[in-house]
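Listed in order, the protein sequences are those of chains Z and X. At position 35 of the first sequence the residue is numbered 385 (the numbering used here), and the sequence of numbers has no breaks. At position 462 of the second sequence the residue is numbered 812 (the numbering used here), and the sequence of numbers has no breaks. All C-beta atoms in this analysis are idealised placements derived from N, C-alpha and C, irrespective of residue type, glycine included. Notes follow the structure.
2 protein chains.
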Amino acid sequence: MQSSVVQPDNLWSTRRYAKQQKIANAKKYTDGMVIATADIVRVLEILICPGDKVVLEGNNQKQADFLSRSLAQANPKVLHDLHMIMPSVGRPEHLDLFERGIARRLDFSFAGTQSLRISQLLEDGLLEIGAIHTYIELYSRLLVDLIPNVVLSAGFMADRHGNIYTGPSTEDSPALIEPAAFSNGIVIVQVNELVDDVTDLPRVDIPASWVDFVVVADRPFYIEPLFTRDPKHIKPVHILMAMMAIRGIYERHQVQSLNHGIGFNTAAIELILPTYAESLGLKGKICRHWTLNPHPTLIPAIETGWVEHVHCFGTELGMEQYIAARPDIFFTGRDGSLRSNRMMCQLAGQYAVDLFIGATLQIDAHGHSSTVTKGRLAGFGGAPNMGHDPRGRRHATPAWLDMRSSTFQGDDTYLARGKKLVVQMVETFQEGGKATFVEQLDAIAVAKKAAMPLAPIMIYGDDVTHLLTEEGIAYLYKAESLAQREAMIAAVAGVTDIGLAQNPQTTARLRQDGLVAFPEDLGIRRTDATRELLAAKNIAELVRWSDGLYQAPAQFRSW
Amino acid sequence: MQSSVVQPDNLWSTRRYAKQQKIANAKKYTDGMVIATADIVRVLEILICPGDKVVLEGNNQKQADFLSRSLAQANPKVLHDLHMIMPSVGRPEHLDLFERGIARRLDFSFAGTQSLRISQLLEDGLLEIGAIHTYIELYSRLLVDLIPNVVLSAGFMADRHGNIYTGPSTEDSPALIEPAAFSNGIVIVQVNELVDDVTDLPRVDIPASWVDFVVVADRPFYIEPLFTRDPKHIKPVHILMAMMAIRGIYERHQVQSLNHGIGFNTAAIELILPTYAESLGLKGKICRHWTLNPHPTLIPAIETGWVEHVHCFGTELGMEQYIAARPDIFFTGRDGSLRSNRMMCQLAGQYAVDLFIGATLQIDAHGHSSTVTKGRLAGFGGAPNMGHDPRGRRHATPAWLDMRSSTFQGDDTYLARGKKLVVQMVETFQEGGKATFVEQLDAIAVAKKAAMPLAPIMIYGDDVTHLLTEEGIAYLYKAESLAQREAMIAAVAGVTDIGLAQNPQTTARLRQDGLVAFPEDLGIRRTDATRELLAAKNIAELVRWSDGLYQAPAQFRSW
């Protein structure tokens, strides 16, 4: 590669100089840009310095787990006080880094199974939290005030020049690698397979110009089918709620483009599009454009022509062949495999879709919700990015315009803006009989204990346009006061304390005024909400719908 | 490249099939993936079909102008009814496409000099508007419901395999190309220079796997220094306002990271950081991290150590050598030249910075503002993306927390969220004596005439946290009612009708209550606001600050 511009003096190129030094020191362990698998711990000790900001790719569907396991083996006398920046803290060794004194500070987005241990390490003084972010906030800060020194990423294949084929889970890689590649940071990518030349790669997802080192992992990176929901667990109550969503929200507001969170509720919606929604004559009128991971439960809707396009945050295990066989629907490369991109899909889910629908663990009387429960710093992932009204949006769609306030009059109606539809879809009680509607969110106690300036709220009440429970739908965007909003929430809160405190006459009036709708108000008979409506009742039927292309992971196979 | 997955049947691969057909038909005019310059019109007629969605890269700093000029020469009997999708409509031939009947529908973000003609074509029935978007909305829709058939982009250099070096204005290319490259669209990139091999490129910005054709342009793409403001035009009133911004906003709220719009007001802020702000002892405390195009007026602040990092939407003509010599500050590739990225910089400017400050042409009594004036459909560009509170943000900074409402009490304080600071900085009268503060925005009349569902508002009043005029600062985020907000706006509206209608006693009370601050309330003497405070008083002094590295374009050179 040529250098087309003048070289700076050292005063202004400390990062470049530091990088050159590190690379020179690592030279004896590398063959060009390839690090020998067995030398990785030693090389990480050279390429990373104490105090460095280190981005570690932990994704939903792609883990730089060879690199994280190796980093956790580093000598804490050599490598200490690292500032880890991680989209997802999902593996035990992610926290071993802190326990062993290699890392000290953590900025992250999501921590599923590791959330309890984060809280404990925090209490023990072994870990400091920078902040808990949504995904695109975290990516954004890599360009502003968290510019990384080192990025540890993962892909399927690399060539010897450093061109990377990420496989179908491109996910966060472009968003994580670019900030380091163009700020004299060091980019190290673990791959399952090394090939000689670019022509041996299915395609290039990350060009070699952005990558400093590749290393072949000791075993393929870990991936699990996080977004698969077995239809056999869908209950009639989910189907009733799904019918309400279709009738009372999707049809009413002409929702053309949308994002579904993960769960049995949204899986039920996906599975009754070809049956219930079809019977309402809605095909081609709603749910045409999607931003979501390739949920297997979307297969029947795709096969029956409901779905025009799906853009994906990441992939889903078992869906590879099906996706490759449906290139009109999914974003795929010339090689035929999926190209996902979480940053772009988050943008699309914010700025280009009509609706987000998702679930939560707790909702308070104001409509604020959180998945953080006692002792667990679970983080946000992407839900707050999806679950708010992007006020920088300026184009109109029918659903978006439908959310305009009716208080604007005359010429001022031209100043009334629409809103993204943000739907919270929850049963009033969780598994085990815990009420979803609570007096105070656990998130407040968690914030107090961890000395956070504000509670980790997943979705704020004033961002929620619709609250959907098994009782009915509260059309919160119509609320003209906070008090009215709270009454609407209570009207669908069932026999929780918040629901019971409501005067039934208030609820009756809200129904009359069209602010709340129960199933019967929507022309839905509760007795129709049976599993018969599901286009697929189990995984085997999904496989059949896919013509055998969907290859269900072992844990979902029961036939 | 290998194909690692099964090939789909035609039912599900209509886009792939259409692409293969087009490419086969173009084969006789192409040498591999290289289109001969002289054949471009003919090849475009083959690769594009009537009705196709065609993305045409019109950027601030990079124009696919050879491709747009060529497309405008196509035969309207062959190519018609195209749906053009363009970030920026900036060149005459962009609209010739509509006048000649080649294109019919337009989705766009920004139209500077062409805005009047768009309105005329609309009136004449030769052009339909899809929507006017902000930049990232437009990129987002390319993944959802405006998936392109063809993308026409531009770069500095390509190799014969299709690897692209965009040069320092990577700008929109990644955001425009990815949606087509992974949906069986066709990607055509014009370049100034073709080289044989990837090793002959300074670096790869877009990998060959994403590109279908390259063509050498008849001349290098057009670029103009849009973001350069000559300090010689900065007036004492700009300096007074800049002092208020630093004292009353940046210092007060500890603004660490920010985005400056373009104009003499913000240029004045940049130029008094090393003088006025330095005298206040603010270095290292404010304005450390920036997201903006490389404004030449930022050079003195960079040279005096104010600026830690700058991430750029695009480049600025003349700044190439300076940027390359300051890699600790700017995002540059291994080759040394800038890597800009508008999508990522827009994200950073939304989610990772404390403050946006910009100007506008009209503000109404509610604080709504617009740059759309009679007969001109100017579009939005990125201002609404920068100029709103991103409600999907969850991390806290001192400035952001400072915007919390004081109405929350007890545990509820944990539910109070901060806000991005959105500052409108305007003189009460524009050049030529036109009032900036108006009873009704022209945008409303424009919307009515063009049958748009809502007025093209640049920044909505409820998104503005601070309004800064030569009179003073209105701390709008503190307003507890709409009426109070309007009084605060009137208090700084000077001798415009809106300002004169205000009872001076009301203004006095607002000042006492700290809701409005005049220069004297901030300890600023109006007589101190002289050009002596400017670290550079003209372009020649900027060049001197840069040690000759800034190479000012001819139109700015007067020495």
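Check: Can you tell me which residues form a DSSP beta bridge with histidine 433 (chain Z)?; Outcome: Z:Lys403 and Z:Arg455
Check: Name the DSSP bridge partner or partners of methionine 507 (chain X)?; Outcome: X:Tyr515 and X:Glu543
Check: Judging by CA-CA distance, which residue of X:Cys399, X:Asn643, X:Tyr825 and X:Ile486 is the nearest neighbour of lysine 427 (chain X)?; Outcome: X:Cys399
Check: Any beta-carbon of chain Z closer than 8 Å to the one on tryptophan 656 (chain X)?; Outcome: no
Check: Between valine 494 (chain Z) and chain X, is any beta-carbon pair separated by less than 8 Å?; Outcome: yes
Check: So, does the CB of serine 354 (chain Z) fall closer than 8 Å to a CB anywhere in chain X?; Outcome: Note that serine 354 (chain Z) scores a pLDDT of 41, beneath 50, so its modelled location is shaky and nothing firm can be said.
Check: So what's leucine 526 (chain Z) in DSSP terms, helix, strand or just coil?; Outcome: helix
Check: Quick one: give me the first and last residue of the beta strand (DSSP E) that valine 563 (chain Z) is part of.; Outcome: Per the sequence shown, residue 563 (chain Z) should be read as phenylalanine rather than valine. Taken as a continuous stretch (DSSP letters only), the beta strand (DSSP E) holding phenylalanine 563 (chain Z) covers 563–566.
Check: How long is the line joining the alpha carbons of valine 796 (chain X) and glycine 742 (chain Z), rounded to whole angstroms?; Outcome: 20 Å
Check: If histidine 433 (chain Z) sits next to valine 404 (chain Z), beta carbons under 8 Å apart, how far is it from one beta carbon to the other, in whole angstroms?; Outcome: 7 Å
Check: Is glycine 462 (chain Z) close to chain X? Criterion is C-beta to C-beta, closer than 8 Å.; Outcome: no
Check: When the Cα of aspartate 863 (chain X) is compared with those of X:Gly898, X:Ile823 and X:Ala879, which residue comes out closest?; Outcome: X:Ile823
Check: So, helix, strand or coil for alanine 902 (chain X), using DSSP?; Outcome: coil
Check: Checking 8 Å against the spacing of the C-beta atoms, do isoleucine 596 (chain Z) and alanine 617 (chain Z) come in under that value?; Outcome: no
Check: Whose Cβ in chain Z lies nearer than 7 Å to the Cβ of proline 803 (chain X)?; Outcome: Ala746 and Leu751
Check: Determine the chain Z residues that contact histidine 483 (chain X) at a beta-carbon separation under 7 Å, and present them in chain order.; Outcome: Arg744 and His745
Check: Which runs of the beta strand (DSSP E) spanning at least 3 residues fall entirely within the stretch 639–692 of chain X, listed in chain order?; Outcome: 639–641 and 659–661
Check: Give the DSSP bridge partners of glycine 408 (chain X), in chain order.; Outcome: X:Gln413
Check: Counting only C-beta atoms, is leucine 850 (chain X) closer than 8 Å to chain Z at any point?; Outcome: no
Check: Can you have a look at aspartate 714 (chain Z) and say buried or exposed, based on whether 16 or more other CB atoms are within 10 angstroms of its CB?; Outcome: buried
Check: Does the distance from the CB of glycine 817 (chain Z) to the CB of glutamine 855 (chain Z) come in under 8 Å?; Outcome: Per the sequence presented here, residue 817 (chain Z) reads as leucine, with glycine not at that position. In this structure, glutamine 855 (chain Z) does not lie closer than 8 Å to leucine 817 (chain Z) by Cβ.
Check: Give me the DSSP bridge partner(s) of phenylalanine 706 (chain Z).; Outcome: Z:Asn609 and Z:Val772
Check: Could you name each continuous beta strand (DSSP E) segment of 3 residues or more that falls completely within the stretch 774–857 of chain X, going from the start of the chain to the end?; Outcome: 816–818
Check: Name the one or two DSSP bridge partners that lysine 369 (chain X) has.; Outcome: Partner(s): none; lysine 369 (chain X) has no beta bridge.
Check: Quick one: Cα of leucine 711 (chain Z) to Cα of threonine 721 (chain Z), how far?; Outcome: 5 Å
Check: Under 8 Å, do glycine 408 (chain X) and aspartate 431 (chain X) count as touching if we go by C-beta distance?; Outcome: no
Check: Under 6 Å Cβ to Cβ from glycine 717 (chain Z), same chain only, skipping five residues before and after it: list those, please.; Outcome: Gly811, Val814 and Ile839
Check: Can you say whether glycine 336 (chain X) is buried or exposed, counting buried as having 16 or more other CB atoms within 10 angstroms of its CB?; Outcome: Since the displayed chain X opens at 351 and closes at 909, residue 336 (chain X) lies outside it and no answer follows.
Check: On the three-state DSSP scale, how would you describe serine 353 (chain Z)?; Outcome: Confidence at serine 353 (chain Z) is low in this model, with a pLDDT of 42, below 50, so the placement of that residue should be treated as unreliable; the coordinate-derived value is given next. In this structure, serine 353 (chain Z) counts as coil in the three-state DSSP scheme.
Check: Does any residue of chain Z have a CB that is nearer than 8 Å to the CB of glutamate 478 (chain X)?; Outcome: no
Check: Please tell me whether phenylalanine 458 (chain X) and methionine 436 (chain X) are closer than 8 Å, where the distance is taken between their beta carbons.; Outcome: yes
Check: If the cut is a Cβ gap below 8 Å, which residues of chain Z does histidine 661 (chain X) touch?; Outcome: Leu493 and Val494
Check: Please name the residue in X:Ser418, X:Met594 and X:Val391 whose C-alpha comes closest to that of alanine 424 (chain X).; Outcome: X:Val391
Check: Spatial neighbours of isoleucine 468 (chain Z) within its chain, please: CB distance less than 6 Å, with the 5 preceding and 5 following residues excluded, ordered by chain position.; Outcome: Ala461 and Leu727
Check: Taking Cβ-Cβ distances shorter than 7 Å, what residues in chain X pair up with asparagine 735 (chain Z)?; Outcome: Gly742
Check: Interface residues of chain X around tyrosine 701 (chain Z) at Cβ under 7 Å?; Outcome: Ile486, Glu487 and Ser490
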